[in-house]
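Worksheet for the structure shown next.
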């Protein structure tokens, strides 16, 4: 096999490290909603979201050290993405989790890949093969089966408020939009740079509202918050 053929074959099969990274990402994503549900027992939604990203922003800055600089002309686009991804997407998720169970919120959030595919097809003109459609359907049905398969999940689904489910669905749509519309900027400046700046702008937009919430809504401050 020629060198170009070997390179093409290698590009079709992800490496073991890529699989491990994606597995770690899936575990972290799966834990995010249950952990958020626990956090909401002691903190209101805007405050919890703001604290999450107050911790995340400094670590994002570390990832941008030595990375490509963001051009000033691209800042408005990145700021808009940050407001959508965090100020709308993450905040809507927190509000939704308040009125839904963690399993129901996770099931609704499983629609994010579906919306990513739809947005990518519309925005980037990417085609979706039959196998890809089948894979998305199988993944979604699998999560739905885990969520409601034992009977208790169905009770939780019926007991969740329509408003809470709508918040989580809005979050899924917005986050998928963020992923797809950030691709062009990521190609130009790198994923770490775009993620860092968009997170920073989203956090800034959220701070005034979180401050107002902290002033109006008492937070439970005890050891449970840190456990």
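Residue numbers (this note's numbering): 206 to 432. Beta carbons are placed, not taken as given, at the ideal position from N, Cα and C, and that holds for glycine.
Backbone CA spacing between residue i and residue j [nearest angstrom]
i: residue 387; j: residue 245; result: 29 angstroms
i: residue 255; j: residue 413; result: 10 angstroms
i: residue 238; j: residue 285; result: 24 angstroms
i: residue 276; j: residue 350; result: 46 angstroms
i: residue 420; j: residue 247; result: 15 angstroms
i: residue 257; j: residue 243; result: 13 angstroms
i: residue 298; j: residue 346; result: 21 angstroms
Proximity of residue i and residue j at Cβ, strictly below 8 angstroms
i: residue 288; j: residue 406; result: yes
i: residue 379; j: residue 294; result: yes
i: residue 296; j: residue 368; result: no
i: residue 320; j: residue 381; result: yes
i: residue 318; j: residue 342; result: no
i: residue 435; j: residue 390; result: Residue 435 is absent from the structure shown; the chain starts at 206 and stops at 432.
i: residue 290; j: residue 394; result: no
i: residue 264; j: residue 397; result: no
Residue i burial status per 10 Å Cβ neighbour count (16 or more: buried)
i: residue 225; result: exposed
i: residue 399; result: buried
i: residue 260; result: exposed
i: residue 281; result: exposed
i: residue 377; result: buried
i: residue 327; result: exposed
Sequence-distant residues of the same chain with beta carbon closer than 7 angstroms to residue i, five excluded per side
i: residue 266; result: 401
i: residue 324; result: 381, 382 and 385
i: residue 262; result: 404, 405 and 408
Sequence-distant residues of the same chain with beta carbon closer than 6 angstroms to residue i, five excluded per side
i: residue 418; result: 249, 251 and 252
i: residue 332; result: none
Practice task
Answer yes if the segment 364 to 381 comes into contact with the segment 295 to 309, meaning at least three C-beta pairs across the two stretches below 8 angstroms, and no otherwise.
Solution key: Contact check between the segment 295 to 309 and the segment 364 to 381: three or more CB pairs, one atom from each, fall below 8 angstroms, which counts as touching.
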